[in-house]
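**Student:**
6 protein chains.
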Amino acid sequence: MERQVFLNGTFVPEAEAKISIYDSALMFGDMVFEMTRSFNKKQFKLRDHIERLLYGVKILQIPFDLSVEEIEEAIYETIKVNDPLFEKDDEHRVMFEVSRGTLGLYHQVKDIHIGPNFIIADFPLRWTVSTMGPLFDSGINAVIPSQRAIPSTLLDPKIKNRSRLFYMMANIEVSNYSGENVWALLLDPDGFVAEGTGDNFFIVKDGTIITPEGRNILRGISRSYIFEIAEQLGVRCIEKNIDIYDVHTADEAFMTGTPFCLLPVTALNSLKIGKGTMGPVTRTLLDTWSKNVGVDIEKQIKKWTGNSKLPAGVPTPYSFKRK
Amino acid sequence: MERQVFLNGTFVPEAEAKISIYDSALMFGDMVFEMTRSFNKKQFKLRDHIERLLYGVKILQIPFDLSVEEIEEAIYETIKVNDPLFEKDDEHRVMFEVSRGTLGLYHQVKDIHIGPNFIIADFPLRWTVSTMGPLFDSGINAVIPSQRAIPSTLLDPKIKNRSRLFYMMANIEVSNYSGENVWALLLDPDGFVAEGTGDNFFIVKDGTIITPEGRNILRGISRSYIFEIAEQLGVRCIEKNIDIYDVHTADEAFMTGTPFCLLPVTALNSLKIGKGTMGPVTRTLLDTWSKNVGVDIEKQIKKWTGNSKLPAGVPTPYSFKRK
Amino acid sequence: MERQVFLNGTFVPEAEAKISIYDSALMFGDMVFEMTRSFNKKQFKLRDHIERLLYGVKILQIPFDLSVEEIEEAIYETIKVNDPLFEKDDEHRVMFEVSRGTLGLYHQVKDIHIGPNFIIADFPLRWTVSTMGPLFDSGINAVIPSQRAIPSTLLDPKIKNRSRLFYMMANIEVSNYSGENVWALLLDPDGFVAEGTGDNFFIVKDGTIITPEGRNILRGISRSYIFEIAEQLGVRCIEKNIDIYDVHTADEAFMTGTPFCLLPVTALNSLKIGKGTMGPVTRTLLDTWSKNVGVDIEKQIKKWTGNSKLPAGVPTPYSFKRK
Amino acid sequence: MERQVFLNGTFVPEAEAKISIYDSALMFGDMVFEMTRSFNKKQFKLRDHIERLLYGVKILQIPFDLSVEEIEEAIYETIKVNDPLFEKDDEHRVMFEVSRGTLGLYHQVKDIHIGPNFIIADFPLRWTVSTMGPLFDSGINAVIPSQRAIPSTLLDPKIKNRSRLFYMMANIEVSNYSGENVWALLLDPDGFVAEGTGDNFFIVKDGTIITPEGRNILRGISRSYIFEIAEQLGVRCIEKNIDIYDVHTADEAFMTGTPFCLLPVTALNSLKIGKGTMGPVTRTLLDTWSKNVGVDIEKQIKKWTGNSKLPAGVPTPYSFKRK
Amino acid sequence: MERQVFLNGTFVPEAEAKISIYDSALMFGDMVFEMTRSFNKKQFKLRDHIERLLYGVKILQIPFDLSVEEIEEAIYETIKVNDPLFEKDDEHRVMFEVSRGTLGLYHQVKDIHIGPNFIIADFPLRWTVSTMGPLFDSGINAVIPSQRAIPSTLLDPKIKNRSRLFYMMANIEVSNYSGENVWALLLDPDGFVAEGTGDNFFIVKDGTIITPEGRNILRGISRSYIFEIAEQLGVRCIEKNIDIYDVHTADEAFMTGTPFCLLPVTALNSLKIGKGTMGPVTRTLLDTWSKNVGVDIEKQIKKWTGNSKLPAGVPTPYSFKRK
Amino acid sequence: MERQVFLNGTFVPEAEAKISIYDSALMFGDMVFEMTRSFNKKQFKLRDHIERLLYGVKILQIPFDLSVEEIEEAIYETIKVNDPLFEKDDEHRVMFEVSRGTLGLYHQVKDIHIGPNFIIADFPLRWTVSTMGPLFDSGINAVIPSQRAIPSTLLDPKIKNRSRLFYMMANIEVSNYSGENVWALLLDPDGFVAEGTGDNFFIVKDGTIITPEGRNILRGISRSYIFEIAEQLGVRCIEKNIDIYDVHTADEAFMTGTPFCLLPVTALNSLKIGKGTMGPVTRTLLDTWSKNVGVDIEKQIKKWTGNSKLPAGVPTPYSFKRK
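Protein chains in written order, with the working numbering: chain A, 42 to 364; chain B, 42 to 364; chain C, 42 to 364; chain D, 42 to 364; chain E, 42 to 364; chain F, 42 to 364.
Written as structure tokens, this is what we have:
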């Protein structure tokens, strides 16, 4: 058997999980989504993800009316179906998403699906993080591209949507930089640090953890969890506008994201941040996170290292040839 | 037989033309596309559309290497396959598009398609324009929503891409306005008139045709054709920043778009523009266009009126129910 | 007898309280003003209003030199003159204002008043709030118009001045929306929520009361009083940039304004905020306010309901006809 | 007899031409107006002024429905009434304006005027220009204040309205500069030269006359007339963004305004423009204008010099004292 | 003997301390610098200054590798060399700076210095402050010029660099204002108060000391010291966006700068702030500072008054004449 | 003998041409300058350069009063002095510049120069262009850094001044890009293409030559000369806002600068422009220029190739060591 994707109430093999070319998701990037992970196969902060999805559904006025509980149930069912196909040491990376469905104009296409699409995919987390193991040691070299983040007033990144071509363009842009471990770090149009292309950014200065105000960024659930851990540790953690100077003069920096939790950022535009290694506050946050969830996050990812994930910005090497 | 969609070199039934949920098109709105039409079943300005598509392919660095000629050939082949299923008085609305393909991360999904997707769909133009017949008489009531156009410096609308959620949001917003025939007209962040959500905008003032500078808009191929017709007629046609006052004080206004060619805009925020009817310059442009292509554009669309297309901004009335 | 307006030291009947067409107030919108109310016929926060007026006088360099005490005395005198004409259950709505006076250019007009104008009007509060009773139950549907607030750097709304045509334009704009109880809610040019056209805006999220920073808004005296009540109640109340997403995801929202004190906002662009009714924090604030001032605010306004006030944005239905 | 002001169809003495404090004009700066002048007692470009007034009436949705002809007739009637009181060598400065009228809220004030106010005042032009005679020789020293013009996207200066407090503030600001003949010249928020506080600005460079694009300015009727004269003279005259550097490096500069027609600007921030005197192109424009209208504009204004008009930005020296 | 300047490891007489015209400092304003002072001939916060210099060196990637200690040692050596030439009551004003050095292009100039320049000058503080004594009594009249501060996103003022022509332009601009004691106070492009041209700005309101957020300003070391003193005194001191209204309505205001420590700002654009004299909080801060450093700051500067320093913005009165 | 630099009327050896550390040029980047070149040892457009210098002198109010003729004479004298030291095939690269001089504060430094500095240096052009020969064949790869151009409203690049640290920062930024022949191409804050860090930019599209509007750029004298040549050739050459899309879709592109005249730009962010080689219009412009000045520009520079000039953005490899 193969892994199955939940698609509008039925299960289909992964490679058959598809969306019509007439769907609003493809026509307008009009889809909301979430991607979660498990620790020891237990989903982390699943409710928070579902609630954020439903905020997006509401604001975009997608006529989708499942409750938090119904969504949660469908996710657990999907995991249950797929779990036998996972390695013992795998974690479940779940992607769930809702599109508005086929645009009204195309409803007359014969046999076409009418109404929103609700999809749940479940695949091994190791796919996503297989190249990240070394980054716990080397750290990320955050590079500021010319591409700016689209601000919330034009298209709100706090709605986790699929109109994110500018992330792809930022990734392509920084793929032209020299050196290793380069990840894009976007400024917003005001010149403040916003976010990575899928990650939140933090600095540590004089013992305080600082992250950009929740304005022109996704308010990541890992980002929120840093606030929780900081409180647990009695460390001050605040939201504040950060500019480039603040990063250059910070003691430490790190990125957060659901799949990898937390990775050190050791350089900005190739200039060392702090000592150029994972700093003590970052280390403590990571260790506490690991302890809280009962998984040594760094060790787990390092163990998986060796898989084939390409850096996000590099176009796939396959060019299209008509047969 | 059913209409067929060209999908990476093979033909599939329309309802089966789908894209993987792991495709960059769905993940990032990372797809370029074109939509053309025929007059008397002859494609109009097809080369211009293909060239624009390839500019997008180049700038987004999608590894797709078909030539203009190869794309053209594939389109004609698709039309040929489908033409028998079209009514005698139908026109071919062709949509062709290229996505980057499955993200590298998901290449290990069993049997998943690797490399860019190249898709050509071909369906009756009447679907798109079936509700537009009355607009030739009433005109459009252009309404300025709060939503601003994303400017080219953040995500260039001149690349005809699929990260267009803000179009959908503008459409939803103006669907809350009172009255009939409301279409969104977007300002850019500088407060200049940009474009509709899929249309270009023109005013006529003292005999001169004026359209926004080609900056924060799609440089539509119908828009370019207005310049051609104006030259043919000896009417001055220029690009210039337009602000709301200019529209309120214009003599005439109209929108252009591939499916309907040209529709009068007779009101801005429910205030009459000029006399509140299609003006003489607009009329001449439309008639000349009809004459040039050998189709009475207005008459053809009016004949098709009565089909079921819903206004773009209205969410489809079907809500999702898990079975 | 009729109600009298204090005009430069004398009392004139209300309909004769007028300003010369050559006054700077009419020429430039160059006037500062305040509007207060009473509870049980006792003026509320009158000193705060007078002080704000005098800040405006100072910044605009209007050569007006009455002290706080002199202004206060004149107001009380005006109230005393008019009180016999008020119903027993009326409250005094006092408007006092200062204009620079006739522009120097027109000083040679025979018998024209020279120097600043100082005016105090006093009319029944019920005029202002007569349509608002139902809003305590239905709540306001706050609608974001395309019109943005003029930021403080161009014309400071913290100076309560009479160059407020853009308020009128926002009101006109939202009068085109479908549905009931629509009030305009302005964004500033940065895309943050600013204020209503005469009201301040608050949200409640996770028990914290949040209102926009005091930048591109009038710093309302009712707004300040919310901070006082919050402190009295031990509820956290802060200033923070608010964007649209924050409102859509808030638990509660409300507007404050001198005449009505506090009204629930139950929808943003017709999408429910929280449960779509007055929330518990809002309710407590209102009840505490009522208790503090010894007037059941909601009950009082509901009792007055039935008068003829038209929604602010609707042009008066009388068209000018030259006799 | 005294000069009379037309007020809603009747004539009242000048000092009694007043607007209620409850009028939308005073409450919101919600009034449109025009100010014209005569040459040899013949109104200049009166129709253009009336048409501009009516564009404002339309956009602001003031329910005022007089036609161009009716307005014109009322103006001529007003002039006729007042002409006997004018000196033989006087010119008629006509101000006509429309306000929305008493806000609905105040309709219950006893005997208050309901509906728009339509006012026509007619006074000697010499009042306005009595201090300007020397400026034809010295030229204006244009000074850039910190205050920026409100851009059209926030409040359109092309609608000649009464929410112009920022003009007054700019005037006050430059009244603090050292030196003579200082007039404010506003930049718009983009840093381009916009306009004076009631005047349009031009430079001459290499034989071409250049004036700011018609965006963040009033499109003055004198400004338009410069285009007419330039065409008459065969001189190139264009609209173009102007920045400070362009003014500093210009050959000549001038301001236009209805009362004075055209005055040389000989310095920017006290630095000489060109030779620091009225340049030859400016001179030719002025002379042609004089010739076209049959009045030696400069000579006429110089003859009137000596009246008491105070510089615009200086607060009147009378301070308010309660009697 | 004359005072000596440390220049790349050797001492040269003051007038011979020069930089090549081919140095990056002159070509690009590409130099970082610091200016300190002593109290009782003991350098104040020298380490903080050196650390800030090295942040600039790092961000600008100047290949300069002296340690904090080495720099400190060189400074003390320079002071030692010069101290015998100082008056007994003088203080040491030390300027130290690093330039990138001769651009590569000019390395072939015979005998030209290669590599960064490191310079330490040491001159009597009285030169800088000789005109400031009266300001402790009169206060500064802060004037907002049209020139805006360059924001950090374009050229970060937090890097204390030499591309500061806009400071000079602001100074020239305000030198045209009428009146005494005028210093420029810059707004940033958002319209917030930024800083003086070499000074930081504070207001006091309701007992709280407020200074602009550390964004578009130099984060002055005197500014930081105010936070220290405030903590010592138990006074609340915060960073917050300040707009013009906040200054006009403040109780007190002051500027800080290394040479003079703290001076009262008693007017904004010639309008009194608070009572128009040094306020009690400002007085306490100054007195505490004096006490902390063992020097009566005000008395010392007043004693030095009478030297010839010209106001910063006034061009020197000497015009160049070729011999 | 060595090359001599004209310094305030006397000649000094090149390595001794220095500016005091107390000069406004070093303190504020407060200096205007020009750099010219000869063709066959005859200065090109020298008068235009001198006039531009004097515009800067005027606007910055530097008290320098030499006439165009006097400056010209001094330049020719400097060339005459140095010419014997030039190779027969050398060209004269002349740099002349004016600083305000020692700040008033430092006038009491013993023997310090008072008044503006006027400097003329004259060195072989080959130094500047020695690495550029291959670029005529490969073309430049223009890369957009994150650093934006400072707009004219904040610090006008049209004044050729020395506060250009942001050029250096852009150069450093793009030195991190992979690949050869990378030059920075700056966007202005509006997202339009501005200029290189010392060069002007042009595209060719459909036979028209297009260069950015003369707003946020230096209006280069080579740039102006392209307009002259275009007119000579009958090719249309215009100023227009250019955005990134326009460059990607251009047929050709090139940069102009005094030392190299014109170099092809064959890629933007490593994506080929047009065919990726010098296009025919560019070729014709270059050839015409060569013909007009009687020097084969490309051949001359290629002949000089091999000298040691380092790419602009790379810090010199020498680190400072205190002796």
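Beta carbons are placed, not taken as given, at the ideal position from N, Cα and C, and that holds for glycine.
Tell me, please, whether the CB atom of N310(A) is closer than 8 Å to any CB atom in chain F?
**Tutor:** Along the first sequence, one-based indexing puts residue 310(A) at 269. Cβ-Cβ to chain F under 8 Å: yes for N310(A).
**Student:** Three-state secondary structure (DSSP) at I181(B)?
**Tutor:** Within the second sequence, the letter at position 140 stands for residue 181(B). Strand at I181(B).
**Student:** When you compare the CB positions of W168(C) and L304(D), do they come within less than 8 Å of one another, or not?
**Tutor:** Locating residue 168(C) in the third sequence gives position 127, counting from the first residue. Locating residue 304(D) in the fourth sequence gives position 263, counting from the first residue. No, the Cβ-Cβ distance between W168(C) and L304(D) is not below 8 Å.
**Student:** Look at the Cβ atom of F137(A), then the Cβ atom of I160(A), and state whether they are nearer than 8 Å.
**Tutor:** Taking the first sequence and counting its residues from 1, one reaches residue 137(A) at position 96. Taking the first sequence and counting its residues from 1, one reaches residue 160(A) at position 119. Contact flag set, yes.
**Student:** Output, in chain order, the set of chain D residues within a Cβ distance shorter than 9 Å of Y218(E).
**Tutor:** Here residue 218(E) is taken as the residue at index 177 of the fifth sequence, counted from 1. By Cβ distance, chain D contributes N217, Y218, S219.
**Student:** Between K316(C) and T290(C), what straight-line distance do the alpha-carbon atoms span, to the nearest angstrom?
**Tutor:** Sequence index remark: in the third sequence, residue 316(C) carries index 275 (1-based). Sequence index remark: in the third sequence, residue 290(C) carries index 249 (1-based). Taking the straight line joining both Cα atoms gives about 11 Å.
**Student:** What first and last residue would you give for the alpha helix (DSSP H) that runs through P321(F)?
**Tutor:** By one-based count along the sixth sequence, residue 321(F) stands at place 280. Its alpha helix (DSSP H) spans residues 321 to 334.
**Student:** Going along the chain, which unbroken runs of the beta strand (DSSP E) with 3 or more residues stay wholly within the region 203 to 237 of chain D?
**Tutor:** Fully contained in the region 203 to 237 of chain D are the following beta strand (DSSP E) runs of length 3 or more, in chain order: 223 to 228, 234 to 237.
**Student:** May I have the straight-line CA-CA distance separating L101(E) from G232(F), to the nearest angstrom?
**Tutor:** On the fifth sequence, position 60 is the one that residue 101(E) refers to. On the sixth sequence, position 191 is the one that residue 232(F) refers to. The straight-line gap from Cα to Cα measures roughly 24 Å.
**Student:** So is V109(B) buried or exposed if we call it buried at 16+ other beta carbons inside 10 Å?
**Tutor:** Your numbering for residue 109(B) matches position 68 in the second sequence. That one is exposed.
**Student:** Does any residue of chain E have a CB that is nearer than 8 Å to the CB of S202(F)?
**Tutor:** Here residue 202(F) corresponds to residue number 161 of the sixth sequence, with the count starting at 1. Note that residue 202(F) is Asn in the sequence shown, not Ser. Answer yes: the Cβ-Cβ gap between N202(F) and chain E drops below 8 Å somewhere.
**Student:** Considering only residues of the same chain and omitting the five flanking positions on each side of V355(D), which have a CB-CB separation below 6 Å?
**Tutor:** If you number the fourth sequence from 1, residue 355(D) lands on position 314. Note that V355(D) scores a pLDDT of 38, beneath 50, so its modelled location is shaky; the value from the coordinates is reported in the next line. Cβ neighbours of V355(D) beyond the five flanking positions: S216.
**Student:** Starting from the C-beta of M173(D), find all residues in its chain whose C-beta is less than 6 Å away, skip the five residues before and the five after it, and write them out in chain order.
**Tutor:** Within the fourth sequence, the letter at position 132 stands for residue 173(D). F301, I342, listed in sequence order.
**Student:** Here's the rule I'm using: 16 or more other beta-carbon atoms within 10 Å means buried, otherwise exposed. How should P253(C) be labelled?
**Tutor:** As a first step, residue 253(C) is located in the third sequence; it is residue number 212 there, counting from the start. With 16 or more other CB atoms across the displayed protein chains lying within 10 angstroms of its CB, P253(C) is buried.
**Student:** Nearest CA to the CA of P192(A): which residue from D152(A), G255(A), V276(A)?
**Tutor:** As a position in the first sequence, residue 192(A) is number 151, starting the count at 1. Nearest C-alpha to P192(A): G255(A).
**Student:** Measure the Cβ-Cβ separation of S140(A) and S204(B) and say whether it is below 8 Å.
**Tutor:** Locating residue 140(A) in the first sequence gives position 99, counting from the first residue. Locating residue 204(B) in the second sequence gives position 163, counting from the first residue. 8 Å or more divides the Cβ of S140(A) from the Cβ of S204(B).
**Student:** Report the residues of the region 176 to 210 of chain B with a CB closer than 7 Å to any CB of chain C, ordered along the chain.
**Tutor:** So the close ones are I185, P186, S187.
**Student:** If I258(D) and V288(D) are in contact, beta carbons under 8 Å, what's the gap, nearest whole angstrom?
**Tutor:** Against the fourth sequence, residue 258(D) aligns to sequence position 217. Against the fourth sequence, residue 288(D) aligns to sequence position 247. Rounded, the Cβ-Cβ distance is 15 Å, inconsistent with contact.
**Student:** To test your reading of the DSSP string, which unbroken alpha helix (DSSP H) runs of 4 or more residues are found completely within the region 234 to 297 of chain C?
**Tutor:** Secondary structure in the region 234 to 297 of chain C: the alpha helix (DSSP H) runs of 4 residues or longer, each lying completely within the stretch, are 262 to 274, 285 to 289 in chain order.
**Student:** Using 8 Å as the limit for Cβ to Cβ distance, is D240(E) near chain C?
**Tutor:** Position 199 of the fifth sequence holds residue 240(E). No - not a single Cβ of chain C is within 8 Å of the one on D240(E).
**Student:** Can you tell me which of the three DSSP states K316(D) falls into?
**Tutor:** As a working mapping, residue 316(D) is identified with position 275 in the fourth sequence. The answer is coil: DSSP assigns K316(D) none of H, G, I, E or B.
**Student:** Indicate whether at least one CB of chain A lies closer than 8 Å to the CB of Y266(E).
**Tutor:** As a first step, residue 266(E) is located in the fifth sequence; it is residue number 225 there, counting from the start. Chain A contact via Cβ: absent.
**Student:** Flag G232(E) as yes if its beta-carbon sits less than 8 Å from any beta-carbon of chain C, otherwise no.
**Tutor:** For the purposes of this step, residue 232(E) is taken as the residue at position 191 of the fifth sequence. True, the Cβ-Cβ gap to chain C drops below 8 Å.
**Student:** Just curious, the beta strand (DSSP E) that E57(D) is in, first and last residue?
**Tutor:** As a first step, residue 57(D) must be located in the fourth sequence, where it is residue number 16. Premise fails: E57(D) is in no beta strand (DSSP E) and is neither H nor E.
**Student:** Could you list the residues in the region 90 to 106 of chain B with a C-beta less than 8 Å from some C-beta on chain F, going in chain order?
**Tutor:** Within the region 90 to 106 of chain B, contact with chain F at the beta-carbon level (separation under 8 Å) is assigned to Y96, K99, I100, Q102.
**Student:** Strictly below 8 Å CB to CB, what residues from chain E border R256(C)?
**Tutor:** Numbered from its first residue, the third sequence carries residue 256(C) at position 215. Simply N282, D284.
**Student:** Give the residues of chain C in contact with E236(B), contact being defined as C-beta atoms less than 9 Å apart.
**Tutor:** Numbered from its first residue, the second sequence carries residue 236(B) at position 195. None at all; the shortest Cβ gap to chain C is about 15 Å.
**Student:** Does the beta-carbon of V194(A) have 16 or more other beta-carbons within 10 angstroms, so that it is buried, or is it exposed?
**Tutor:** Along the first sequence, one-based indexing puts residue 194(A) at 153. In the sequence under discussion, the amino acid at residue 194(A) is Thr, which differs from the Val named in the question. Label assigned to T194(A): buried.
**Student:** On a Cα-Cα basis, can you pick out the residue from D124(F), E293(F), P175(F) that is closest to K340(F)?
**Tutor:** As a first step, residue 340(F) is located in the sixth sequence; it is residue number 299 there, counting from the start. Of D124(F), E293(F), P175(F), the residue nearest in Cα terms is P175(F).
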